[in-house]
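J.: This is the structure I want to talk about, given as structure tokens.
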Amino acid sequence: MPEKESNGIMLYAQLTHENYIHTVFFELLEKAHELSQKLGGIEISAVCFTSPDTIEGFKDAFRNMGVNKVYYFEDTRLANYSTEYYSKLFVNLIQEVKPEILLIGATNQGRDLAPRISSSLHTGLTADCIELDINEKGQLAATRPTFGGELMATILCKNYPQMATVRPNVFKVHNVDYHVDTEFIKKDTSILDELKNHVEILEFKKTIENEINDLDNADIIVAGGMGLKNEKGFELLQKFANKIGGTVAATRPAVENGLAPHSVQIGQTGKTVRPKLYIACGISGSIQHTVGMDKSEHIIAINNDPDAQIFNIADTGIVGDFFEIVQKYLES
Ligand SMILES: Cc1cc2nc3c(=O)[nH]c(=O)nc-3n(C[C@H](O)[C@H](O)[C@H](O)COP(=O)(O)OP(=O)(O)OC[C@H]3O[C@@H](n4cnc5c(N)ncnc54)[C@H](O)[C@@H]3O)c2cc1C
């Protein structure tokens, strides 16, 4: 492994289209504090791309969450995400600051940006991690599912920065007040003059990202699997969700059978959620599904098979027919 370049842990602070800091940044930040402590309290920095005069609105958030340094790029050309612009500026910054660890949220944007950065820097990237730790040698130990989710692999990176992406809702935010005197460092964007942006954004339409955010923020998720059988089952699920103020989600086979859109798929190849209540209806409970919901605060499972795996992780199990149970509940 090359000589360690230990200028702290760097995080990407993605701004949403509505100009909020994406919640995944705060989740990563909390984990970064833990990793920093294990590495002797190394510095935590954030990287932010904004349009001019926007950073002011975010300063308190960065201070209160204990970010030591914020590197920000302000330019009208950065108002919307651009692979070329963002990755070029990010790579230059990393070459200058030389962080030991770089963490990026596995949002649509992060999934585009992270591999671009890692290949430019010839470093390794462990994507969609579900745990991050520091091993006895002080290396980032990034754990993610492998072999179709049947095994967990802990992966070490041979180069710096050691890069990892983590999906939203994998880590929990505890709202600790870390208040520090954050240093805000404005970085030069003139290099953009030499670049060609190959994508012109004509208009933004809220579609999938919007639905995804609904699931991200839902306190109650009512998820349906193949036990619901067809559209009628999902209509009943929607009525059930409406009655209890829940948001509908689904398993992969339900999505593949056209019963729900992919944006509401939970699991290894879908979303990770952490609601207060997750009601799994007609879902068998395979690892590829449960990896996306097993950190929910309370899990209720309705399944007609008393041996279904889902009951192993459910706090409350109801053995019976989904249609009968929910119909009775709706009529009550
Ligand atoms: C690489 C890979 C990635 C994957 N990614 C995902 C993923 O992201 N998300 C995901 O969900 N899956 C994923 N899968 C698929 C996963 O392995 C399972 O096949 C899937 O989760 C099962 O879906 P299900 O529970 O809806 O269906 P089934 O396994 O068919 O289970 C249906 C359940 O409904 C119950 N049931 C039947 N009738 C009733 C009734 N009337 N009332 C109540 N219960 C009833 C049955 O007892 C059964 O337990 C992935 C698989 C692979 C290989």
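Once you know that position 200 of the sequence shown is 355 in my numbering, the rest is easy, because the numbers rise by one and skip nothing.
Cβ coordinates follow ideal geometry from the N, Cα and C atoms, glycine included.
#1: Whole angstroms is fine: what's the gap from PRO254's alpha carbon to HIS188's?
#2: For ALA456, which residues does DSSP report across the bridge?
#3: Just tell me which of ILE434, ASN330, ARG218 has its CA closest to the CA of ASP374.
#4: Taking PHE347 and ARG232 to be in contact with their CB atoms under 8 Å, please state how far apart those CB atoms are, rounded to whole angstroms.
#5: Cβ of PHE213 versus every heavy atom of ligand 1: is any distance shorter than 7 Å?
#6: Between ILE289 and PRO316, what straight-line distance do the alpha-carbon atoms span, to the nearest angstrom?
#7: Give the secondary structure of ARG299 by DSSP, where H, G and I count as helix, E and B as strand, and everything else as coil.
#8: Considering only C-alpha positions, which residue in the set ALA456, LEU370, ARG271, GLY447 is nearest to ARG407?
#9: Determine the closest residue to ALA216 out of HIS417, GLU338, ILE454, ASP283, with distance taken between C-alpha atoms.
#10: Take ALA119 as the anchor and find which of ARG218, ILE376, LEU194 has the nearest alpha-carbon.
#11: Near LEU306, what residues of its chain come up, given a Cβ to Cβ distance below 8 Å and the 5 sequence neighbours on each side ignored?
#12: Cα separation between HIS329 and LEU184?
#13: Based on Cα-Cα distance, which residue from GLY279, GLU291, THR309, ILE256 lies nearest to THR298?
#14: Nearer than 7 Å: is that true of the beta carbon of PHE478 relative to any heavy atom of ligand 1?
#15: Classify ASP371: buried if its beta carbon has 16 or more other beta carbons within 10 angstroms, exposed otherwise.
#16: What's the gap between the Cα of SER275 and the Cα of ILE442?
#17: Do you know whose CA, among ALA404, LYS398, LYS224, GLN464, lies nearest LEU383's CA?
#18: Looking at ligand 1, does it come within less than 7 Å of ILE454, judged from the CB to the closest heavy atom?
T.: The short version:
#1: Here residue 254 is taken as the residue at index 99 of the sequence shown, counted from 1. Here residue 188 is taken as the residue at index 33 of the sequence shown, counted from 1. Computed Cα separation, rounded: 15 Å.
#2: As a first step, residue 456 must be located in the sequence shown, where it is residue number 301. Bridge partners of ALA456: ALA435, GLY472.
#3: Within the sequence shown, numbered from 1, the residue matching residue 374 stands at position 219. ASP374 has its Cα closest to that of ILE434, out of ILE434, ASN330, ARG218.
#4: Sequence index remark: in the sequence shown, residue 347 carries index 192 (1-based). Sequence index remark: in the sequence shown, residue 232 carries index 77 (1-based). Per the sequence shown, residue 347 should be read as Leu rather than Phe. With a Cβ gap of about 6 Å, LEU347 and ARG232 count as contacting.
#5: In the sequence shown, residue 213 corresponds to position 58, counting from 1. Because no heavy atom of ligand 1 lies under 7 Å away, the Cβ of PHE213 does not count as near it: no.
#6: Mapped onto the sequence shown, residue 289 falls at position 134. Mapped onto the sequence shown, residue 316 falls at position 161. For ILE289 and PRO316, the distance between alpha carbons rounds to 14 Å.
#7: Stepping through the sequence shown from its first residue, residue 299 is reached at position 144. Looking at ARG299 - three-state DSSP - the assignment turns out to be strand.
#8: Within the sequence shown, the letter at position 252 stands for residue 407. Minimum Cα distance to ARG407 is reached at GLY447.
#9: As a first step, residue 216 must be located in the sequence shown, where it is residue number 61. Comparing Cα-Cα distances from ALA216 to each of HIS417, GLU338, ILE454, ASP283, the minimum goes to GLU338.
#10: Coverage of the chain is limited to positions 156 through 487, which leaves residue 119 absent and any answer about it impossible.
#11: Residue numbering aside, residue 306 sits at position 151 when the sequence shown is read from its first letter. Correct list, in chain order: PRO300.
#12: Taking the first residue of the sequence shown as 1, we reach residue 329 at position 174. Taking the first residue of the sequence shown as 1, we reach residue 184 at position 29. Approximately 11 Å, taken between the alpha carbons.
#13: Working through the sequence shown from its first residue, we reach residue 298 at position 143. Taking only the C-alpha atoms, the option nearest THR298 is THR309.
#14: Stepping through the sequence shown from its first residue, residue 478 is reached at position 323. For ligand 1, at least one heavy atom lies less than 7 Å from the Cβ of PHE478.
#15: Numbered from its first residue, the sequence shown carries residue 371 at position 216. Counting Cβ neighbours within 10 Å, ASP371 comes out buried, since at least 16 surround it.
#16: By 1-based counting over the sequence shown, the position of residue 275 is 120. By 1-based counting over the sequence shown, the position of residue 442 is 287. Roughly 34 Å separates the two Cα atoms.
#17: On the sequence shown, residue 383 is found 228 positions in, with the first residue counted as 1. Closest by alpha carbon: ALA404.
#18: Start at 1 with the first residue of the sequence shown, and residue 454 comes out as number 299. No; taking the cut-off as 7 Å, the Cβ of ILE454 has no heavy atom of ligand 1 nearer than that.
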